[in-house]
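The numbering used here numbers the first residue of the sequence shown as 1 and each following residue consecutively. Take a look at the structure set out below.
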Amino acid sequence: MRDALVEITEWVGGGLAARLFRCCVNNQDFEYPGALKFEPLALDPTKLPPLDTVANVEEYGTKLRSELASHPAIKEELIQLFGAPADALLKFFISLPAGEQYRWETLCESPPRKFLAHDCGVSRLASMTDNPADVRTFSGLIRMAAFLSPALVPAANEFASISTQVAAARAAGLNVECTIYLGDENLLTPPAAGWPAGVKVASIPGDVEAMDRLLVEKPVEILHFFCHGVATVGLQILEFANINDTDIEAKSGSVVVSLERLNQILMLTKTTWLTVLNCCSGGKVVERLHSMARTLTKRGCPVTIGMAEPILDTDASTFSAAFYEKLFAEMRAGLVGAAANSLVMLDCASAVIEARRCVHNKYLVAPPDAFGRWTLPLLYERGAPLVVKLVPAEVTINPEMKRRIDTVAGMLRVLPPTTPAQMREDILGLLDRDPKVPAEFRPNALGVIGAA
């Protein structure tokens, strides 16, 4: 297995430069001469073709590959990756927005035409720091919340894709439950046979405060957003249409969640493994800002998937169906039957590969200007891998300890959002006194029990 990390930074005097920061083969460091020396990249976004037709995407990806290959070490590693991409990983750490705008996922070798991202896990790192693995706990149930309500965009296809994959995963043995929040009242009526197993349906919170409470009080392992992403200088928000917005056909949703607030919630709950921004501008860089997906990954969530450009609802549902089918299969293989207290490394790259392939195949023939849509999904990860610890399902506590837990949780829940993080940590420290409260029974920093 190969695992390579390419760093993209600013070149002296402008432009971009690249180096091969790290290369591992079968978990052993492999060193190329001159790998850490930066070499300039002769790239100009105005001279690259649009990502629409097969020919243009091939030209775009071939140009990126050619420029990266101007670095001798990167050239040799790309030869290896294109030659044997099975289970291989190519990661990019990009330190400036100008580098984020390029679709590195299109790297192409031709002739014959071969896109690396169709076989190799191509992702972007939010940080190169080699911190310890981000360990999240798992007690047997994977909770998922999907918020599907972009203003003036139908959510029916996305709803069907997610609910179908949740039901299929449960039938195959994965204990997953998903609550789907909708802004279209017409979608809230259950079919005659009821909702599929593992699927719950509710109306989307009616205002910002209700949305905030829901995210705080009901943390989940998987967060999925199908909405509008709004990014302007200094502000990034997710925008949802509530029932009233949909009824009056409002041009924009009245329920908004700032990325800053979402980050705060995810950092405090420490529950979520994966966030999907299947929305307009979810992965698109705006002037002097990194993408929403990178912002979430760097601070709040270990793995985030965003879209590089606005995505059609039909393409969003194609992505979701393929992505969750593969993701749930990977989770089932890694988590079902694993021993208590064991550590399982979760890899989302294979699910993104499968989703890219499905969108690619959908537009391989027609319409001719839609071929490049497979390049929209951007996978962001942290420098350390996502690791899940399986905690024992049943551990008993005595009444006195339960009272202490409830007291601390209650104190944390009534604190205002502006409370310093250190104060919350000090209150949580009360649970370290003998007898120490087991980790699986501790509230998180917001006072939510069962989400640590």
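Backbone N, C-alpha and C define an ideal beta-carbon position, used for all residues, glycine too.
The three-state secondary structure of Ile449, taken from DSSP, is strand. Look at Phe38 here: in three-state DSSP terms it is coil, with no helix or strand label. In this structure the stretch 67-80 touches the stretch 9-24; the number of beta carbon pairs closer than 8 Å is three or more. The secondary-structure analysis by DSSP pairs Gly121 across a beta bridge with Leu89. Counting only runs of 3 or more residues that sit fully inside the stretch 180-266, the beta strand (DSSP E) segments are 199-203, 222-226, 228-232, 235-240 and 255-258, in chain order. Taking a cut-off of 8 Å for Cβ pairs, the stretch 344-356 and the stretch 374-393 touch, as three or more such pairs fall below it. The secondary-structure analysis by DSSP pairs Arg136 across a beta bridge with Val388. Cβ-Cβ distances below 7 Å link Leu214 to Pro205 in the same chain, with the five nearest sequence neighbours on each side left out; the list follows chain order. When the alpha-carbon of Ala55 is set against those of Arg113, Leu78, Val233 and Asp29, the nearest one is in Arg113. Per the coordinates, the alpha-carbon of Val276 lies some 12 Å from the alpha-carbon of Arg294. Of the candidates Ala169, Ile180, Thr318 and Ser139, the residue whose Cα lies closest to the Cα of Val201 is Ile180. DSSP, reduced to helix, strand and coil, places Lys114 within a strand of the structure shown.
Met345 places its beta carbon 9 Å or farther from that of Pro302.
Scanning its chain for C-beta atoms nearer than 6 Å, with the 5 sequence neighbours on each side dropped, one finds around Ser342 the residues Leu390, in chain order. Under the three-state reduction of DSSP output, Thr304 falls in the strand class. The alpha carbon of Val6 has as its nearest neighbour, out of Tyr324, Arg373 and Cys24, the alpha carbon of Cys24. For the pair Gly253 and Asp245, the CB atoms are nearer than the 9 Å cut-off. Shortest Cα-Cα distance from Ala126 to any of Glu325, Ala421 and Thr297 involves Thr297. Shown here, Arg103 sits in coil according to DSSP, grouped into three states, outside any helix or strand.
Annotation: the continuous alpha helix (DSSP H) that includes Phe82 extends over Pro72 to Gly83.
For Trp195, the CB contacts under 8 Å within the same chain, skipping 5 residues up- and downstream, are Ser163 and Val201 in chain order.
Secondary structure within the stretch 301-365: the beta strand (DSSP E) runs of 3 or more consecutive residues, fully enclosed, are 303-307 and 343-346 (chain order). Assigned with DSSP and collapsed to three states, Asp44 falls in coil, not helix or strand.
The DSSP-derived three-state label of Arg382 is coil. Going by beta carbons, Leu187 and Ala145 fall outside the 9 Å limit.
Burial of Pro443 is indicated by the presence of at least 16 other C-beta atoms within 10 angstroms of its C-beta.
A straight-line Cα-Cα distance of about 21 Å links Ala241 and Ile265.
In chain order, Met144 and Leu274 place their CB closer than 6 Å to the CB of Ile222, counting only its own chain and leaving out the 5 sequence neighbours on each side.
Straight through space, the alpha carbons of Tyr32 and Ile237 are spaced by roughly 42 Å. In the three-state DSSP reduction, Arg442 falls in the coil class, being neither helix nor strand.
Secondary structure note for Ile397: it is in no beta strand (DSSP E), with a DSSP letter that is neither H nor E. Scanning Tyr102, Met401, Ser149 and Glu67 for the CA closest to the CA of Phe38 turns up Glu67. Exposed is the label assigned to Ala84, since fewer than 16 other Cβ atoms lie within 10 Å of its Cβ.
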